[in-house]
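Numbering (my numbering), first residue to last: 4 to 82.
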């Protein structure tokens, strides 16, 4: 199975990278852009064949390593 994890800063957490990207876009002439948020995507394969078990495993990985629960949220996709 394939797992895809998308990690984002929680609302209200200052996104320094997002601000930098927004400023760069404005500098390149796209002044109508606002509210830019930058996240990351982590993709990997699992040998687990049960989708529910795979999702539970990946969520445990996120809680322990892949995401900082204090400032980040995440979304898991299993395919």
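Virtual Cβ for every residue (Gly too), placed ideally from N, Cα, C.
First through last residue of the alpha helix (DSSP H) which encompasses residue i
| i | result |
| --- | --- |
| residue 28 | 19–30 |
Residue i - containing beta strand (DSSP E), residue span
| i | result |
| --- | --- |
| residue 54 | Residue 54 -> not in any beta strand (DSSP E); alpha helix (DSSP H) instead, spanning 54–64. |
| residue 44 | 43–48 |
| residue 88 | Since the displayed the chain opens at 4 and closes at 82, residue 88 lies outside it and no answer follows. |
| residue 40 | Careful: residue 40 lies outside any beta strand (DSSP E) and carries neither H nor E. |
| residue 79 | 75–81 |
Distance, residue j Cα to residue i Cα
| i | j | result |
| --- | --- | --- |
| residue 78 | residue 31 | 31 Å |
| residue 61 | residue 36 | 34 Å |
| residue 65 | residue 14 | 18 Å |
| residue 49 | residue 10 | 19 Å |
| residue 54 | residue 4 | 8 Å |
CB contact below 8 Å: residue i versus chain B
| i | result |
| --- | --- |
| residue 43 | The chain labelled as chain B is not found in the depicted structure, where only one protein chain is given. |
Candidates the options, of which the one nearest residue i by Cα
| i | options | result |
| --- | --- | --- |
| residue 57 | 29, 82, 13, 39 | 82 |
Classification of residue i by the beta-carbon crowding that lies within 10 angstroms, buried from 16 upward
| i | result |
| --- | --- |
| residue 8 | buried |
| residue 87 | Here the chain has residues from 4 to 82 only, and residue 87 is not among them. |
| residue 72 | exposed |
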